[in-house]
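In my numbering, the protein residues as written are 935 to 1325.
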């Protein structure tokens, strides 16, 4: 399986961006490129006009950057002497046959699709993640859309079940770059469905327990079922107690709740004792001596609980394409600690960038040269601890 190309696919850098612009403003465009036949994009008819039936003849145009294409706006385009002709299985709309007998109309969706397949070059469309679980909402209409045999196989696999793009490449035996190109084309014509179960729900992790007991006066002991690490939550003090190393803390934060043993910490013994208070002798339950453990701010645990449990999944209720910005730095002590923990060293450069810039998560990943999954994990941790600026 080949690796995906670096960076993201931005339609605005290609002829595809011109098509999307025309659809957005509804103005017909006459597109001229030296390497291809002329094309008219006519959004009002949801069509494009070309003198060639074979869409592959438009490949040089689809690969061209916008500045290499001469574009003439034709706002007064109106159909004259319209009629339809049948060409095989395709209904073709002929426009102005007396004046433009060589120009035939084809579905604009077919050009969107083909332009995306050509220009993607193995780069994932901006706003999407290779790790997301995706499937097709409907099978592409291969009777009118350009395709190769492997596209049909990918589509069948995407209709069958939700998968990540690397999983699709493995299942179909198709190069990951080709799977990405096909995914992008499907996304451009709104055929991609993202499995929402791949979002991060804090309720299933230690973070959910912290939220549940935040107003509790009790203390709670959370330990791995393997018995290899534990911590004690003390919400009323705003602290947690643990002598576990960072790796174990990360494990406690990342496993699902069913993999943790959670018990109430008894602060009183069932045994009774008689104590003298002034002149009175009072019977009471014995006080339990708590083990001496290092204490830490509970806010620090909230941050790490989100950081480790997110695993590249965006927090429920947030938009990956929305611009984000920090309203303040994370706690200085936490940043110093993170710098000494290998798994957390990416925290400081992200904090520095997001404190000085407003950008979408994919743009942040590109600017900092960090994996999008780490950007999402940090974003979630900041969102949970109130460090994100409100839009």
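For each residue, glycine too, the CB sits at the ideal point set by N, CA and C.
What does the alpha-carbon distance come out to for the pair residue i and residue j?
i: residue 1079; j: residue 1292; result: 38 angstroms
i: residue 1248; j: residue 1036; result: 50 angstroms
i: residue 1321; j: residue 1259; result: 9 angstroms
i: residue 1040; j: residue 983; result: 6 angstroms
i: residue 906; j: residue 1125; result: Only positions 935 to 1325 of the chain appear in this structure, which leaves residue 906 out of reach.
i: residue 1028; j: residue 979; result: Only weak support exists for where residue 1028 lies, its pLDDT of 48 falling under 50; the coordinates are left without a value.
i: residue 1088; j: residue 1237; result: 39 angstroms
i: residue 1176; j: residue 1152; result: 17 angstroms
i: residue 1316; j: residue 1168; result: 22 angstroms
i: residue 957; j: residue 1038; result: 19 angstroms
i: residue 1226; j: residue 1156; result: 16 angstroms
i: residue 1269; j: residue 1090; result: 47 angstroms
i: residue 953; j: residue 1121; result: 15 angstroms
i: residue 1308; j: residue 1298; result: 10 angstroms
i: residue 1312; j: residue 1267; result: 16 angstroms
i: residue 1284; j: residue 988; result: 48 angstroms
i: residue 1161; j: residue 1083; result: 53 angstroms
i: residue 1314; j: residue 1061; result: 17 angstroms
What is the DSSP secondary structure of residue i, reduced to helix, strand or coil?
i: residue 978; result: helix
i: residue 948; result: coil
i: residue 1081; result: coil
i: residue 1320; result: coil
i: residue 973; result: strand
i: residue 1257; result: coil
i: residue 1004; result: strand
i: residue 1041; result: strand
i: residue 953; result: helix
i: residue 1222; result: With a pLDDT of 49 at residue 1222, under the threshold of 50, the modelled position of that residue is not reliable, and no figure is offered here.
i: residue 1216; result: strand
i: residue 984; result: strand
i: residue 943; result: strand
i: residue 1128; result: strand
i: residue 1068; result: strand
i: residue 1058; result: strand
i: residue 1200; result: coil
i: residue 1109; result: coil
i: residue 1248; result: coil
i: residue 1293; result: strand
i: residue 1312; result: helix
i: residue 960; result: coil
i: residue 1120; result: helix
i: residue 1073; result: coil
i: residue 1047; result: helix
i: residue 1104; result: helix
Which residues bound the alpha helix (DSSP H) around residue i?
i: residue 1282; result: 1281-1290
i: residue 1276; result: No alpha helix (DSSP H) contains residue 1276, which DSSP labels as neither H nor E.
i: residue 1063; result: Element bounds for residue 1063: n/a, residue is neither H nor E.
i: residue 1304; result: Segment: none, residue 1304 is in no alpha helix (DSSP H) and carries neither H nor E.
i: residue 995; result: 993-997
Our contact map puts residue i next to residue j with C-beta atoms below 8 angstroms; I'd like the distance itself, whole angstroms only.
i: residue 1235; j: residue 1144; result: 7 angstroms
i: residue 1042; j: residue 981; result: 5 angstroms
i: residue 1005; j: residue 1052; result: Contact flag wrong, Cβ pair sits at about 18 angstroms.
i: residue 1099; j: residue 1114; result: 6 angstroms
i: residue 943; j: residue 1059; result: 5 angstroms
i: residue 950; j: residue 973; result: That belief does not hold up - the Cβ atoms of residue 950 and residue 973 are roughly 13 angstroms apart, past 8 angstroms.
i: residue 1067; j: residue 1150; result: Wrong, their Cβ atoms sit about 35 angstroms apart, outside the cutoff.
What residue does the beta strand (DSSP E) around residue i start on, and which one ends it?
i: residue 1137; result: No beta strand (DSSP E) holds residue 1137; DSSP gives it neither H nor E.
i: residue 966; result: 963-966
i: residue 1098; result: Per DSSP, residue 1098 belongs to no beta strand (DSSP E) and is neither H nor E.
i: residue 1231; result: 1229-1231
Item to check | Within the region 1144-1197, ranges of the beta strand (DSSP E) (whole runs, at least 3 residues) | outcome: 1154-1158, 1164-1168, 1173-1175
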